[in-house]
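Novice: Please see the structure below; I have some questions.
Residue numbers (my numbering): 7 to 80.
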């Protein structure tokens, strides 16, 4: 799990591996409901660019407001 800080309901920075990563651009955003008929939760995905030029996908479980790193791009 990672700590994500929001500004106007959009990720602004996140704490991961002992440091904050400031987000300088939202590359993409989407929602995934997977198999909703089986009761799977809705997930919110954010692909972001950080100030150190890292590209990450963050995923939020909005029901519990838990955030995770879903993918890190090289």
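We put the CB at the ideal spot given by N, CA and C, even for glycine.
Where does residue 44 fall in DSSP's three states?
Specialist: Taking the first residue of the chain shown as position 1, residue 44 is located at position 38. If DSSP states are grouped into helix, strand and coil, residue 44 belongs with the helices.
Novice: Quick one: what's residue 63 bridged to in DSSP?
Specialist: For this step, residue 63 is matched to residue 57 along the chain shown. For residue 63, which the question treats as bridged, DSSP gives the partners 53 and 77.
Novice: What would DSSP say about residue 27, mapped onto helix, strand or coil?
Specialist: As a first step, residue 27 is located in the chain shown; it is residue number 21 there, counting from the start. The answer is strand: DSSP assigns residue 27 an E or B state.
Novice: Excluding five sequence neighbours on each side, which residues of the same chain lie with their C-beta closer than 7 Å to the C-beta of residue 69?
Specialist: Residue mapping note: residue 69 aligns to position 63 of the chain shown, counting from 1. Counting only Cβ-Cβ distances below 7 Å, and skipping sequence neighbours, we find 47.
Novice: Pick from 44, 51, 15 and 45: whose alpha carbon is nearest that of residue 38?
Specialist: Walking along the chain shown from the start, residue 38 turns up at place 32. It is 51 whose Cα lies nearest to the Cα of residue 38.
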